[in-house]
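For any residue, its number in the working numbering is found by taking its place in the sequence shown, counting from 1, and adding 2. Working notes, beginning with the structure itself.
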Amino acid sequence: MGSDESWELATHGLTNALKTMGKNFIIQEGEGAFYGPKIEVKIKDSMDRQWQVSTVQVDFTLPKNFEISYIASGGAKQQPVMLHQANFGSLERFFGMLLEHTKGHIPFWLAPIQIKILPITDEQKSYAQTIAKILSDKGLRIELDESAEPLSAKIKVAQLARIPWMVVLGEKEVTNNTVTLRYVSGKQEFGLTLEQLLEKAENLQKI
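This is how it looks when you write it as structure tokens:
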């Protein structure tokens with residue numbers, strides 16, 4: 003659709019925009035939408051597959067076909083240029099790509115549940131509830147496991163759910179007013195103060 007002149011003008015505008023931003027690009031002939039050329043951003047996942055995400059399209063055709071116009075500052079009627087933009091394309095597809103690329107290990111700042119708190123026994127429940135409230139009040143997305151399951155089972159559940167952090171609380175942590183931080187990878191840090199834990203979390207919250 004549209005004249006060769008309008009396609010050339012739109013293509014020239016898009017390529018100039020990319021050059022102005024200093025972006026590398028390739029021109030794929032015949033890949034534009036039926037109403038105009040587009041900038042298409044593709045990303046590679048962990049398996050080296052390419053996926054289309056963002057697009058910006060310049061459209062001279064549809065405003066003409068729909069007889070869209072506006073009154074310019076001089077009082078004359080003008081035909082606008084239409085821009086079509088999709089930041090993610092399909093949001094579901096974007097998250098599908100993210101899950102495949104990270105193998106389900108969503109970054110800390112984006113994870114639906116960022117921290118799971120695991121008291122070892124009922125004796126640590128009160129301390130765990132206090133820690134949970136403090137972390138939640140700081141805007142962190144937490145979950146408290148107060149089940150009667152053994153610690154190993156609680157850890158397994160959290161790991162299968164790909165929760166980035168587990169805060170393990172036992173008798174020693176209660177006595178010393180500290181926490182043990184266990185990462186989903188299995189790495190652990192012992193004897194952290196709550197302030198140290200919050201500092202680590204706040205650093206990972208920054209995008």
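Even for Gly, the Cβ is constructed at its ideal location relative to N, Cα and C. These figures come from a predicted structure and were not determined experimentally.
If you draw a straight line from the Cα of H14 to the Cα of I73, it comes to about 26 Å.
Closest by C-alpha distance to E201, out of Q87, G141, A78, S71, is G141. Rounded to whole angstroms, the separation of the alpha carbons of G76 and E10 is 27 Å. Membership of W111 in any beta strand (DSSP E) is not indicated, and neither H nor E is assigned to it by DSSP. Within the same chain, I122, Q126 come within 7 Å of G172 by CB-CB distance, once the 5 residues on both sides are set aside. Residue pairing by DSSP places A74 in no beta bridge whatsoever. Within the DSSP bridge table, the entry for E191 names L183 as partners.
Spanning the alpha carbons of G188 and V170 requires a straight line of approximately 12 Å.
With a minimum length of 4 residues, the unbroken runs of alpha helix (DSSP H) contained wholly in the segment 4 to 45 fall at 6 to 22.
Burial check for F62: the Cβ neighbour count within 10 Å reaches 16 or more, so the residue is buried.
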